[in-house]
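Report on the structure given below.
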Amino acid sequence: MAGWPPPALDPAGPFADPVNTLAWVLFGMGAVVLTVVAIALVIALFGPRAWKRRLGGERLIWIGGLAFPVVVLSGLLVYGLTTTTRLTAEPRPGEMRIRVTGEMWWWRVAYLDGAGREILQDANEVHIPVGQPVVIELESADVIHSFWVPRLAGKVDMIPGRRNFLRFQSDQVGTFGGQCAEYCGGPHALMGLVVIAHGPADFEIWRRRQASPAVGATDGAGQAVFDRAGCGACHTIRGTAFNGTAGPDLTHVGSRRTLGAGILPNNTGTMAGWIGDSQAIKPGNRMPAYPVLTGQELRDVATWLGEQK
Amino acid sequence: MNRKTGALALAALLSACVNKSQGPRELAGADAARGLELVEAAGCAACHVTPGVRWPQGKVGGSLVGFADRTLISGHAPNQPEALITFLHDPAAMQPGIAMPPTKMSEDDLRDVAAWLYTLDD
């Protein structure tokens, strides 16, 4: 999938820039210290006797071993803490809020109103308006996950029983890959997501369409297969009787960029492959393979799901 | 038949085998490397074990390993360029009941994909 795994050192917004700068400062200073230590080591081993004597004194320990690290590490600690505190502060009134819940091994996404009530459900995609800070509320349904969209922000853990916050903003329209950054079991490496930044008008169009029931949720062969195979026990399609909540909401699955949580392109073929045997694609994920469907049934249900835009 | 003619006959037979995948399968102007890029972007590997694609290695459809040496496409149509492109365009039109959906690629794209499939000869 294009943009996944995402590049880690290519910031695209004001909340990713300071994290990127912090990373380079840490790397740069680490490189300087390593160089100085390596030179000192070479001198200690092979240098002239007078230089060795100087290196061996107690003064060097006091300066290089104590004073320098205390000053530099304290400075870096203050720098790092102030930088990251600004990015993870609680939401202020009027800020847009999106709740992302880590599940093994996908992301449940809910858009919240000012009072923190859920107004929209989605999965594995986060849609944001461009040029505006958005607060992501991070929760976990099972184990520790970590939400990481490197081009927009640093990574923050999703911890069971806690709610963490992360603020990000995109200054350009585009699609940004994300990845779970804390090992969470079997298919952890295949737990990706996509953030899509829209222009203000496009975001409004998307929001309205997302709030409506599925457009293709009419009768048909595909819907009958979906029903017979029991897909509705885990998946919701608003506007139909399918209302399971264990797996991702599929109301508008046909309009998503990816399948399998950010990892496959979304088309009828990959949908059929995913339904037929998602275990071959993402071993250990919680959706079973369906070796009971005929080729016709598989194509029908995949086609019908692709119509749910 | 003496030994020499026997060896000649064997050599002719062998070269006939080797040539099986050449000649009529040439796709003029098609770009096999681009074909592989299209296959990767479309996610064909979600169903097919695909040489040149490390992940995924789907098992819903047949493996594409050695596709050029296959006699039939999906056990159905003769494995020749024209039939292959028709098949890829809409598999169910040729073989009703098959799971594989229409690929939604242009004729040029399908020619590139077919050219790439015919490089899979081992």
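Protein chains in written order, with our numbering: chain A, 111 to 419; chain B, 7 to 128.
Every residue, glycine too, gets a C-beta built ideally from N, C-alpha and C.
Same chain, Cβ closer than 6 angstroms to residue i, neighbours up to 5 away in sequence not counted
i: A:I335; result: According to the sequence as given, residue 335 of chain A is Val; it is not Ile. Excluding sequence neighbours, A:V335 sits near E407, D410, V411.
i: B:A121; result: L33, A36, A38, G41
i: A:D120; result: R261
i: A:V363; result: L415, Q418
i: A:M206; result: V244
i: A:P117; result: none
i: A:P310; result: P239
i: A:F286; result: V259, R261, L262, V305
i: A:H255; result: G212, M268, C290, E292, C294
i: B:D96; result: P108
i: B:I136; result: The shown model of chain B, from 7 to 128, leaves out residue 136 of chain B, and the question about it has no answer.
i: B:D115; result: L44
i: A:G405; result: none
Burial state of residue i (16 or more Cβ within 10 Å)
i: A:Y221; result: buried
i: B:G29; result: Low confidence applies here, because B:G29 scores a pLDDT of 47, under 50, leaving its location unreliable and the question unanswered by this model.
i: A:L136; result: exposed
i: A:E490; result: Only positions 111 to 419 of chain A appear in this structure, which leaves residue 490 of chain A out of reach.
i: A:A263; result: buried
i: B:R117; result: buried
i: B:Y124; result: buried
i: A:K392; result: buried
i: A:Q289; result: buried
i: A:L197; result: buried
i: A:A436; result: Chain A is shown only over 111 to 419; residue 436 of chain A falls outside these bounds and no answer can be derived.
i: A:N353; result: exposed
i: B:H82; result: exposed
i: A:V259; result: buried
i: B:A113; result: Rather than Ala, the amino acid found at residue 113 of chain B in this sequence is Glu. B:E113 comes out exposed.
i: A:G394; result: exposed
i: B:G49; result: buried
i: A:A225; result: exposed
i: A:E247; result: buried
i: B:P107; result: buried
i: A:I149; result: exposed
i: A:S184; result: exposed
i: B:F93; result: buried
i: A:G167; result: exposed
i: A:V147; result: exposed
i: A:F257; result: buried
i: A:D223; result: exposed
Residues bridged to residue i [DSSP beta-bridge criterion]
i: A:Q236; result: The question names Gln, but residue 236 of chain A is Val in the sequence shown. DSSP output for A:V236 lists A:V305 as bridge partner(s).
i: A:F257; result: A:V266, A:C290
i: A:I246; result: A:I208, A:L276
i: B:P62; result: Answer by DSSP bridge pairing: none, since B:P62 is not bridged.
i: A:R338; result: Answer is none; A:R338 lacks a bridge partner.
i: A:E213; result: A:W216
i: A:T285; result: A:I306
i: B:P84; result: B:L78
i: A:L230; result: A:Y221
Proximal residues to residue i (C-beta, below 8 angstroms), its chain only, five neighbours per side dropped
i: A:A399; result: G386, D387, S388, Q389, A390
i: B:D64; result: Position check: residue 64 of chain B holds Gly in this sequence, whereas Asp was assumed. A51, A52, C53, H54, V55.
i: A:A321; result: I229, L230
i: A:M139; result: V182, L186
i: A:K162; result: I153, A154
i: B:L60; result: Reading off the sequence shown, one finds Arg at residue 60 of chain B, where the question assumed Leu. Same-chain partners within the cutoff: there are none.
i: A:Y189; result: L132, V135
i: A:A126; result: P260, R261, L262, A263, G264, F278
i: A:A122; result: R261, L262, S280, D281, Q282, G284, F286
i: A:N377; result: G416
Cβ-based neighbour list, residue i, same chain, cut-off 7 angstroms, excluding 5 preceding and 5 following
i: A:M381; result: L369, A412, L415, G416
i: A:L347; result: Inspection of the sequence shows that residue 347 of chain A is occupied by Ile rather than by Leu. The residues are A324, A327, L360, T361, Q418.
i: B:S27; result: With a pLDDT of 47 at B:S27, under the threshold of 50, the predicted position of this residue should be treated as unreliable, though the coordinate-derived value follows. Within the same chain, B:S27 has close Cβ partners A74, D75, Y124, D127.
i: A:H308; result: H237, P239, V240, V283, W316
i: A:C344; result: G354, A356, G357
i: B:S69; result: H54, V55
i: A:W216; result: A233, N234, M301, P358, A371
By the 9 angstroms beta-carbon criterion, what residues does the segment 102-119 of chain B contribute toward chain A?
Of all residues in the segment 102-119 of chain B, P102, G103, I104, A105, M106, P107, P108, T109, K110 have a Cβ within less than 9 angstroms of some Cβ in chain A.
Extract the residue ranges of the beta strand (DSSP E) inside the segment 340-379 of chain A, only unbroken runs of 3 or more that lie entirely within it.
none
Taking beta-carbon pairs under 7 angstroms, can you tell me which members of the segment 369-382 of chain A lie near chain B?
L374, P375, N377, T378, G379, T380, A382
Which residues of the segment 46-74 of chain B have a Cβ closer than 8 angstroms to any Cβ of chain A? Give them in chain order.
Within the segment 46-74 of chain B, the qualifying residues are A47, A48, G49, C50, A52, C53, P62, Q63, G64, K65, V66, G67.
For the segment 299-322 of chain A, which residues have a CB atom closer than 8 angstroms to at least one CB atom of chain B, in sequence order?
none
At which residue ranges does the segment 182-208 of chain A contain complete alpha helix (DSSP H) runs of 4 or more residues, listed in the order of the chain?
none
Any chance you could list the alpha helix (DSSP H) runs of at least 4 consecutive residues sitting entirely within the segment 144-178 of chain A, in chain order?
159-166
Near-chain A residues of the segment 75-86 of chain B (beta-carbon distance less than 7 angstroms), N- to C-terminal order
none
Between the segment 163-192 of chain A and chain B, which residues of the former have CB atoms less than 8 angstroms from a CB of the latter, in chain order?
none
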